[in-house]
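Colleague: For the sequence shown, position 243 (counting from the first letter as 1) is numbered 249 according to my numbering, and the numbering increases by one without interruption. Sharing a structure, written as structure tokens. Questions coming.
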Amino acid sequence: MANAMDRARLVLLNAALGPLDYRVPAGMAVEPGSIVVAPLGPRQLAGVVWEPERLPAEAIGDNRLRPLLHAFDLPPLGAPLRRLIEWTADYYLAPLGAVLRMALPSSSALDGARTVVEYRATGRAPGRMTPQRAQALERIGARQGLVRELAIVGGVSDGVIRGLVKAGAIEPVEVTIDDPFPVPDPDADPPALEPAQAAAAAELRAAVDAGGFAPYLLDGVTGSGKTEVYFEAVAGALRRDRQTLVLLPEIALTEPFLKRFAARFGAEPVAWHSGLRQSQRRRAWRAIATGEARVVVGARSALFLPYRRLGLIVVDEAHEPSFKQEEGVPYHARDVAVMRARFEAIPVVLASATPAIETRHMVEAGTYKELRLPDRYGGARLPDMAALDLIADPPPRGRWLAPALVAELEANLAAGEQSLLFLNRRGYAPLTLCRHCGYRFQCPNCTAWMVEHRFTRRLACHHCGHVMPAPRACPECKEEDSLVACGPGVERIADEVHALLPEARTAIVTSDTIWSPAKAAEFVARMEAKEIDVVVGTQLVTKGYHFPDLTLVGVVDADLGLAGGDLRAAERTFQQISQVSGRAGRGDKPGRVYVQSHDPSAPVMRALVAGDADGFYAAETAARRAAAMPPFGRLAAIVVSSEDQAEAAAAAGMIGRAAPEHPNMAVFGPAPAPLAMLRGRHRLRLLVHAARSVPVQDIIRDWLGALQWPRGVRVTVDVDPYSFL
Ligand code: ADP
Ligand code: ZN
């Protein structure tokens, strides 16, 4: 078929461009999916050949076409992936080029080079040592990477790194990037499955063997062996020489997963996440595209990669909110994973102990098939849960742990077991204010308080990253030593543990301390070696981990997630606390969970303590149905922002006035977004609420497509929003 094409329609890696036609020069063979380089004005851009009949483009005569410059020697993107890219662009109202970008690596990774030159420290001091050079060398340590990558790690400019190369303190090394990846062995070390596990595994294996779209919910309490079960499906795909994609919600979970996978299959899978060096990324991308990477584990960005022979997709911890991408193309990886499986005609497994209401609804509707693992593996019991009433039995002033929880922590420490305190708040204190004049430290760019981080002695905005040194005096009234920290973050809870249990060894687990897979591995090793008695952590510790000696969990503030009136607040609280509870008592020792709350009689607290997941889901689902909220209705958010407040308000007002009338659809707003300012931009929101039958995307496309706004205004559409900020 390749020879038939002398004209090619391209989707280019540029979100602002529509499809463009080019001439295929003699001697070049392309087909739909081919990855090519095309001229655009004076520039060169990578793009992918598309079926012309699927993408209307401006008609250009043959004689005016410019020729393609180059076709890469890479397998073409498959038709199922091209359909997925079209679907994603259409559903989420995103440019095709922006979605395509998620499937392709940077263009340097496309060429056929077998080696790249990376740099690493030699251990020799440079002739002239400057503070910058010293800092760079110290931070780089044993790391290796491109000049740019080392400059980022070292916190210096590229020039400083190049200077160190000249001075002999850093040297180039040639790295081969097409070393083959080891092949996992499906029969390396399979477990003996319990009957319920075996039944679920058999069903998944059969689905992999049969091929065809088959969505599953693998629903089992924490510790029931969901991972072991879907590993059997992975083994099935390996035996048929098909690739598997396993999506995890956090890159911090990758490292333990790699180890566990290697123990079962004798070789690690291929990892894909933002922490990879460019050379690793390149090697992984090529192996994925050629089919040589048999099993890929990654964060949501792994979803759009050009797998050559995909046979199975697993979404682990499928309820996790982090599968929703908020930046760039706002998509939900769980939903897109199911669509990819549909286009690829393969099974997809959503694994979760606390499935999303949306997922349960698909089971009830008969679209997804549910496989249930009712019990923890090996007779381990689910932990006992109790609520601690913070009003009836409050902590002393300035403290956050109730006396009953402190007593439990002491007892657990004495017994030589590990404890976990969960608080979903990074830093030391969420708000700093002046006792003298009432001044509050607010981010200059966002509608948000500056959060104190005591370890780094800074105040930081968790929305835009703005930081300032921790002040000694109030900037308003100049009073010294008048600043007080309000409320707890994990650092403050760790301080409290130090004060109460001086001999306990603590660790703080947040994205500030566990910012790479290597850091996560270090934490796991220290837990396993029992070098930690008490972990204080954010949602980062709620998932995936398996520590047999962790027997006590304290939820510091169960009410936290319920504030704010988010559509999914109760559901998320239920999921988070169930997940964090699931860390307790996973070995042969039973676990205990204490949930601190100001309102233990709230329905979600009562359901948690009673272990009544079904009752909770039934009530939540009924409430969503009554309000026609997702999955029973549709939502789309339109956020209008500008650095100029008046300009943002004018544009939002114009969009609001142009809102189309449609039966079964309502448009609310514009109103200032709860985060009325973010990264220096003023934000207003409109919310579209419609019945399921309403073609919301088409309506919004026509509506916004007919309007124009000033250049400084940005309008973003979030279909099926999860964040209501
Ligand atoms: P989940 O993913 O449901 O939380 P896991 O798959 O992590 O559960 O299983 C919990 C623990 O029990 C893990 O250490 C796992 O290796 C172990 N386990 C589960 N099923 C089996 C089995 N059939 N044989 C041996 N170990 C098992
Ligand atoms: Zn900010």
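Don't be surprised by glycine CBs; every beta carbon is placed ideally from N, CA and C.
1. Please confirm whether Q602 and V646 have their CB atoms less than 8 Å apart.
2. With a cut-off of 8 Å on the beta carbons, I'd call I706 and V723 a contact; round off their distance for me.
3. How is H469 classed by DSSP in three states: helix, strand or coil?
4. Between which two residues does the alpha helix (DSSP H) carrying H367 extend?
5. Using 8 Å as the threshold, is the C-beta distance between P327 and L244 below it?
6. If I measure Cβ to Cβ from T373 and keep anything under 8 Å in the same chain, skipping five residues before and after, which residues do I get?
7. Please tell me whether D164 and A157 are closer than 8 Å, where the distance is taken between their beta carbons.
8. Which stretch, first to last residue, makes up the alpha helix (DSSP H) that contains R689?
9. Would you say A410 and Y236 are within 8 Å of each other, going by their C-beta atoms?
10. Mind checking whether the beta-carbon of H472 lies closer than 7 Å to any heavy atom of the ligand ZN?
11. I think L318 touches V369, with their Cβ atoms under 8 Å apart; what is that distance to the nearest whole Å?
12. Of all residues in the structure, which have a C-beta closer than 6 Å to any heavy atom of the ligand ADP, taken in chain order?
13. Here's the rule I'm using: 16 or more other beta-carbon atoms within 10 Å means buried, otherwise exposed. How should D185 be labelled?
14. What does the alpha-carbon distance come out to for the pair V530 and A142?
15. Could you tell me which residues DSSP puts in a beta bridge with V181?
16. Is there contact between the segment 566-581 and the segment 619-635, where contact requires at least three CB pairs shorter than 8 Å?
17. Between which two residues does the beta strand (DSSP E) containing P221 stretch?
18. Specify the secondary structure class of F674 as computed by DSSP and reduced to three states.
19. Nearest by alpha-carbon distance to L51: which of L106, E350 and G543 is it?
20. With H, G and I counted as helix, E and B as strand and the rest as coil, what does DSSP make of I167?
21. Which residue spans inside the segment 232-279 form an unbroken alpha helix (DSSP H) run of at least 4?
22. Could you check what DSSP says for W733 in three-state terms: helix, strand or coil?
23. If you compare alpha carbons, which of A658, I514 and F78 is closest to I41?
24. Determine the burial state of D726: buried for a count of at least 16 other Cβ atoms within 10 Å of its Cβ, exposed for fewer.
25. Within a Cβ cutoff of 8 Å, which residues of the same chain sit near P609, ignoring the five residues on either side of it in sequence?
26. Name the DSSP bridge partner or partners of S746?
27. Distance check for A277 and R306, CA to CA, integer angstroms please.
28. Alpha carbon to alpha carbon, what distance is there between G226 and Q424?
29. Whose C-beta lies closer than 8 Å to the C-beta of P716 among residues of the same chain, with five residues either side of it excluded?
30. Report yes if the C-beta distance between V252 and E180 is below 8 Å; otherwise report no.
31. With 16 other CB atoms within 10 Å as the buried threshold, where does F553 fall?
32. Throw me the rounded Cβ distance for the I514 and G543 pair, which I believe falls under 8 Å.
33. Would DSSP call W56 helix, strand or coil?
34. Can you name the start and end residues of the beta strand (DSSP E) that K375 belongs to?
35. For H688, is the beta carbon positioned less than 7 Å from some heavy atom of the ligand ZN?
36. Of the choices L556, L23, R120 and W406, whose alpha-carbon is the least far from that of R498?
Modeller: Quick answer:
1. Taking the first residue of the sequence shown as 1, we reach residue 602 at position 596. Taking the first residue of the sequence shown as 1, we reach residue 646 at position 640. In this structure, Q602 sits away from V646, with a CB-CB distance that is not shorter than 8 Å.
2. Along the sequence shown, read from residue 1 onward, the residue named residue 706 stands at position 700. Along the sequence shown, read from residue 1 onward, the residue named residue 723 stands at position 717. Correct: roughly 6 Å between the Cβ atoms.
3. Stepping through the sequence shown from its first residue, residue 469 is reached at position 463. Look at H469 here: in three-state DSSP terms it is coil, with no helix or strand label.
4. The residue given as residue 367 occupies position 361 in the sequence shown. From DSSP, the alpha helix (DSSP H) with H367 extends over I363 to E370.
5. Counting from one through the sequence shown, the residue named residue 327 turns up at place 321. Counting from one through the sequence shown, the residue named residue 244 turns up at place 238. The answer is no: Cβ separation not under 8 Å.
6. For the purposes of this step, residue 373 is taken as residue 367 along the sequence shown, with counting starting at 1. Excluding positions up to five away in sequence, the list reads P221.
7. Translated into positions along the sequence shown, residue 164 becomes position 158. Translated into positions along the sequence shown, residue 157 becomes position 151. Yes, the Cβ-Cβ distance between D164 and A157 is below 8 Å.
8. The residue given as residue 689 occupies position 683 in the sequence shown. R689 -> not in any alpha helix (DSSP H); beta strand (DSSP E) instead, spanning R687 to A697.
9. Your numbering for residue 410 matches position 404 in the sequence shown. Your numbering for residue 236 matches position 230 in the sequence shown. No, these two residues do not count as a Cβ contact at 8 Å.
10. For the purposes of this step, residue 472 is taken as residue 466 along the sequence shown, with counting starting at 1. For the ligand ZN, at least one heavy atom lies less than 7 Å from the Cβ of H472.
11. Here residue 318 corresponds to residue number 312 of the sequence shown, with the count starting at 1. Here residue 369 corresponds to residue number 363 of the sequence shown, with the count starting at 1. About 19 Å separates the two Cβ atoms, so there is no contact after all.
12. With the cut-off at 6 Å, the residues found are P197, A198, L199, E200, Q203, G226, T228, G229, S230, G231, K232, T233, E234, Y383 and H552.
13. Here the question's residue 185 lines up with position 179 in the sequence shown. Exposed.
14. The count along the sequence shown starts at 1 and reaches residue 530 at position 524. The count along the sequence shown starts at 1 and reaches residue 142 at position 136. CA-to-CA, the gap between V530 and A142 works out to about 28 Å.
15. What you label residue 181 is simply residue 175 of the sequence shown in a count that begins at 1. Per DSSP, V122.
16. Here the segment 566-581 makes contact with the segment 619-635; the two share three or more CB pairs at distances below 8 Å.
17. For the purposes of this step, residue 221 is taken as the residue at position 215 of the sequence shown. Per DSSP, P221 belongs to the beta strand (DSSP E) from A220 to G226.
18. In the sequence shown, counting from the first residue as 1, residue 674 sits at position 668. The three-state reading of DSSP puts F674 in strand, counting E and B together.
19. The residue given as residue 51 occupies position 45 in the sequence shown. Residue L106 is the option with its Cα nearest to L51.
20. Here the question's residue 167 lines up with position 161 in the sequence shown. In the structure shown, I167 adopts helical secondary structure according to DSSP, grouped into three states.
21. At a cut-off of 4 residues, the continuous stretches assigned as alpha helix (DSSP H) that sit fully inside the segment 232-279 are 232-245 and 260-271.
22. For residue 733 there is no data in the structure shown, the boundaries of the chain being 7 and 731.
23. Your numbering for residue 41 matches position 35 in the sequence shown. Here the closest residue by C-alpha is F78.
24. Here residue 726 corresponds to residue number 720 of the sequence shown, with the count starting at 1. Counting Cβ neighbours within 10 Å, D726 comes out buried, since at least 16 surround it.
25. Taking the sequence shown and counting its residues from 1, the one referred to as residue 609 is at position 603. A576, F622 and A625.
26. Nothing about residue 746 can be reported from this structure: the residues present for the chain run from 7 to 731 only.
27. Here residue 306 refers to the residue found at position 300 when the sequence shown is read from its first residue. Here residue 277 refers to the residue found at position 271 when the sequence shown is read from its first residue. Their backbone Cα atoms lie some 12 Å apart in a straight line.
28. Mapped onto the sequence shown, residue 424 falls at position 418. Mapped onto the sequence shown, residue 226 falls at position 220. For Q424 and G226, the gap between their C-alpha atoms comes out near 25 Å.
29. For the purposes of this step, residue 716 is taken as the residue at position 710 of the sequence shown. Correct list, in chain order: S648, E653 and A657.
30. By 1-based counting over the sequence shown, the position of residue 252 is 246. By 1-based counting over the sequence shown, the position of residue 180 is 174. Contact flag unset, no.
31. For the purposes of this step, residue 553 is taken as residue 547 along the sequence shown, with counting starting at 1. F553 counts as buried, since at least 16 other C-beta atoms from the protein chains shown sit within 10 angstroms of its C-beta.
32. The residue labelled residue 514 in the question sits at position 508 within the sequence shown. The residue labelled residue 543 in the question sits at position 537 within the sequence shown. That belief holds up - the Cβ atoms of I514 and G543 are roughly 7 Å apart, short of 8 Å.
33. As a first step, residue 56 is located in the sequence shown; it is residue number 50 there, counting from the start. Three-state DSSP puts W56 in a strand.
34. Along the sequence shown, read from residue 1 onward, the residue named residue 375 stands at position 369. Start and end: K375 to L379.
35. Here the question's residue 688 lines up with position 682 in the sequence shown. Proximity of the beta carbon of H688 to the ligand ZN is not indicated: no heavy atom of the ligand is located closer than 7 Å.
36. Residue numbering aside, residue 498 sits at position 492 when the sequence shown is read from its first letter. Ranking the options by Cα distance to R498, first place goes to W406.
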